[in-house]
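Peer 1: Per my numbering, the very first residue in the sequence shown carries number 1; after that it's consecutive. Cβ coordinates follow ideal geometry from the N, Cα and C atoms, glycine included. Keep in mind it's a predicted model, so treat the numbers as computed, not measured. Got a structure for you, questions after.
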Amino acid sequence: MFKKVLVANRGEIALRIICACKELGIPTVAVYSEADSHSLHVRFADEAVCIGPAKSYESYLNIPSIISAAEITNVEAIHPGYGYLAESAYFAEVCETCGIKFIGPAPEIIDLMGDKARARARAAEVGLPIVPGSELIEEENRDEAPRFAEQIGYPLIIKAVAGGGGRGMRIVRKAADLEEALATAQSESHSAFGSAAVYLEKYLVNPHHIEFQVLGDEHGNAIHLGERECSVQRRHQKLIEETPSPIVDDETRARLGNKVAQAMRDIGYQSAGTIEFLLDEDGEFYFIEMNTRVQVEHPITEMVTGVDIVKEQIRVAAGLELGYRQEDIALTGHAIECRINAENPENFRPSPGTITAYNPPGGPGIRVDSTAYQDWLVSSHYDSLIAKLVAYGRDREEALARMVRALDVFIIEGIDTSIPLHKKIITHPEFIKGDYNTSFLERIGVVK
Ligand code: ADP
């Protein structure tokens, strides 16, 4: 096992990784920006190194600073968490060159899956169904786009090959809008992701977002840990997730899960990862992308499977075999996660500031992953996610009841949070019935 691990991240995920390392008996090194010197991940790591000013590109995205911190503290491995450098093939390569283990898949796999067009092609090769789509569209072949679009049919969605986090997508409903939408999408993609390459995909109407958690090791083993239903989204970003999905039955889970695990063995995937699908109104699943990192929503899977995903990810990075075989995995009970953001619950504007009172919920079946505390300053420099509230129950009804009572006693004062919005969604009759898809929040008027 590693003698020391550096955590190249901040916030709740940095703390989550430190917890996993503590349980594995691995000393940790936190890195932090000047704005984060009072953060809990700094306090709870064994060592901490300041890597630069508040701005992310000068600190958490600053590869030379992070590598220097790793070398000074003599770590054997770096865990990137999610966001920041987690899906940077370049960073993974730099780590490798410096003789430091990157806790994640090989750089070639990150590179492959980070390009949505190549990922689609590879997914199709290993037998996963993909959404009907076009070839790559770049500056040179833009005049071919109308022909591609006719083949796919409208409505369609333009996607940036390098897109992510719900950005770089544009829906086109009719042929007359294609040219302008394409020009805007390409220029936006170029400025946001440094590449103007896009492709067209059939736009599925009111789909469900359903994703499978996978784990692989370097000994040729790969398993799936069931699915997560992530259809409660605002602007293509997840707000609430649950597992199992209210609309996936055991037979479908086993069939698709086994297919996904086989695909991971074929690709040679050696870490934790997520395969995302859209499920259309006809009950067909289509691969949309793979995330080659630990996801924000991983705790709900941990609750129903009992598998500590972060610990497994560290163990397999150290060359050990997966601690579980597929037959060891059973989904027991139900788990739901609400992402608590520091934002205005009505207009969704970020709400940075000092937390003046903080009382997280507890009791049976409740888990809070957070670095928040009273007097903590929520910085405007970073993501607005301040806590992940997870409720577990023996069934969906119990998990929901626990979530409702936990949201009721979750006190965060001094800033606005999304707690009131979560209360509204969780108690909505259609959510209670499990009858919702990705257009749910628009349909109930929560987002315009
Ligand atoms: P990102 O990498 O930015 O998260 P994804 O490809 O994972 O983008 O898609 C995010 C969300 O966008 C999906 O969960 C879904 O709600 C919507 N979406 C993506 N592709 C399609 C599509 N072809 N049809 C309908 N909705 C889509």
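Hey, could you find the ends of the alpha helix (DSSP H) Asp395 is sitting in?
Peer 2: Unbroken run through Asp395: none, as it is neither H nor E.
Peer 1: So Gly257 and Gly333 are in contact, right, with Cβ under 8 angstroms, and what is the actual spacing, rounded?
Peer 2: Cβ-Cβ separation between Gly257 and Gly333: approximately 18 angstroms, too far for a contact (criterion under 8 angstroms).
Peer 1: Looking only at C-alpha atoms, which of Gly363, Arg293 and Arg10 sits nearest to Ala48?
Peer 2: Of the candidates Gly363, Arg293 and Arg10, the one whose C-alpha sits nearest the C-alpha of Ala48 is Arg10.
Peer 1: Using the DSSP secondary-structure output, state which residues sit across from Pro350 in a beta bridge.
Peer 2: Glu343
Peer 1: For Asn141 and Leu407, what's the separation of their Cα atoms in angstroms?
Peer 2: 51 angstroms
Peer 1: Return yes when the C-beta of Ile366 is under 6 angstroms from any heavy atom of ligand 1, and no when it is not.
Peer 2: no
Peer 1: At the level of alpha carbons, what is the spacing between Asp250 and Glu327?
Peer 2: 14 angstroms
Peer 1: Can you tell which of Arg367, Pro360 and Ser351 has the C-alpha that lies nearest to the C-alpha of Leu377?
Peer 2: Ser351
Peer 1: Under DSSP, the beta strand (DSSP E) around Cys19 begins and ends at which residues?
Peer 2: Where Cys19 is concerned, there is no enclosing beta strand (DSSP E), although the alpha helix (DSSP H) it sits in stretches over Gly11 to Leu24.
Peer 1: Measure the alpha-carbon distance for Ala391 versus Glu241 and round it to whole angstroms.
Peer 2: 11 angstroms
Peer 1: Just to confirm the assignment: which complete beta strand (DSSP E) runs, minimum length 3, are found wholly within the segment 177-262?
Peer 2: With a minimum length of 3 residues, the continuous beta strand (DSSP E) runs that stay inside the segment 177-262 are 198-202, 208-216, 222-234 and 237-243.
Peer 1: Compare the C-alpha of Ile158 against each of Glu144, Tyr60, Ser134 and Ile100 and name the closest.
Peer 2: Considering only alpha carbons, the answer is Ser134.
Peer 1: Any heavy atom of ligand 1 closer than 6 angstroms to the beta-carbon of Tyr203?
Peer 2: For Tyr203, the CB falls within less than 6 angstroms of some heavy atom of ligand 1.
Peer 1: Could you tell me which of Leu385, Leu421 and Ala399 sits nearest to Pro364, measuring between CA atoms?
Peer 2: Ala399
Peer 1: Within the same chain, show all residues whose beta-carbon is closer than 8 angstroms to that of Val446, passing over the 5 residues directly before and after it, in chain order.
Peer 2: Arg234, Leu421, Lys424 and Ile425
Peer 1: I need the boundaries of the alpha helix (DSSP H) containing Phe440, first residue and last residue.
Peer 2: Phe440 to Arg443
Peer 1: Classify Gln270 as buried or exposed, calling it buried when 16 or more other Cβ atoms lie within 10 Å of its own Cβ.
Peer 2: Classification of Gln270: buried, given that the 10 Å Cβ count is 16 or more.
Peer 1: Can you give me the C-alpha to C-alpha distance between Glu276 and Ile412, rounded to a whole angstrom?
Peer 2: Going from the Cα of Glu276 to the Cα of Ile412 covers about 33 angstroms.
Peer 1: Which runs of the beta strand (DSSP E) at least 3 residues long sit entirely within the segment 360-428? Give them in chain order.
Peer 2: 366-370, 385-393 and 411-413
Peer 1: Using the rule of at least 16 other Cβ atoms within 10 Å of the residue's Cβ for burial, across every protein chain shown, is Ser88 buried or exposed?
Peer 2: Answer is buried; the Cβ neighbour count reaches 16.
Peer 1: Is the beta carbon of Ala272 sitting closer than 7 angstroms to the one on Val294?
Peer 2: Yes, these two residues count as a Cβ contact at 7 angstroms.
Peer 1: Run through DSSP, which three-state label would Phe277 get?
Peer 2: strand
Peer 1: Per DSSP, what kind of secondary structure is Ile51 in: helix, strand or coil?
Peer 2: Note: Ile51 maps to strand in three-state DSSP.
Peer 1: Going straight from the alpha carbon of Met290 to that of Arg118, what length do you get?
Peer 2: 11 angstroms
Peer 1: Can Thr274 be considered in contact with ligand 1, in the sense that its beta carbon sits closer than 6 angstroms to one or more heavy atoms?
Peer 2: When distances are taken from the beta-carbon of Thr274 to the heavy atoms of ligand 1, even the shortest one reaches 6 angstroms or more.
Peer 1: Can you tell me whether DSSP reads Cys95 as helix, strand or coil?
Peer 2: helix
Peer 1: Given a cut-off of 7 angstroms on the beta-carbon distance, is the pair Tyr285 and Ile130 in contact?
Peer 2: A quick correction: the sequence has Phe, not Tyr, at residue 285. Their beta carbons are not under 7 angstroms apart, which means Phe285 does not touch Ile130 by this criterion.
Peer 1: Just to confirm before moving on: does the CB-CB distance between Ile63 and Val31 stay below 7 angstroms?
Peer 2: no
Peer 1: Spatial neighbours of Gln237 within its chain, please: C-beta separation below 6 angstroms, excluding the five flanking residues on both sides.
Peer 2: Close CB contacts of Gln237 within its chain, under the 6 angstroms cut and outside five residues either way in sequence, are with Gly166 (chain order).
Peer 1: Taking 7 angstroms as the cut-off, decide whether the C-beta atoms of Glu108 and His219 are in contact.
Peer 2: no
Peer 1: Output needed for Thr73: all residues of its chain with C-beta closer than 8 angstroms, excluding positions within five of it in sequence on either side, in chain order.
Peer 2: Lys4, Leu6, Val29, Glu47 and Val49
Peer 1: With DSSP collapsed to three states, give me the class of His38.
Peer 2: coil
Peer 1: Are the segment 88-101 and the segment 302-313 in contact at 8 angstroms, needing three or more beta carbon pairs?
Peer 2: no
Peer 1: Using a 10 Å radius around the Cβ and a threshold of 16 neighbouring Cβ atoms, would you call Ser191 buried or exposed?
Peer 2: When all chains shown are included, Ser191 counts as exposed.
Peer 1: To the nearest angstrom, report how far apart Ala176 and Ala254 are at their CA atoms.
Peer 2: 43 angstroms
Peer 1: Please name the residue or residues paired with Gly164 in a DSSP beta bridge.
Peer 2: As a beta-bridge residue in DSSP terms, Gly164 pairs with Arg167.
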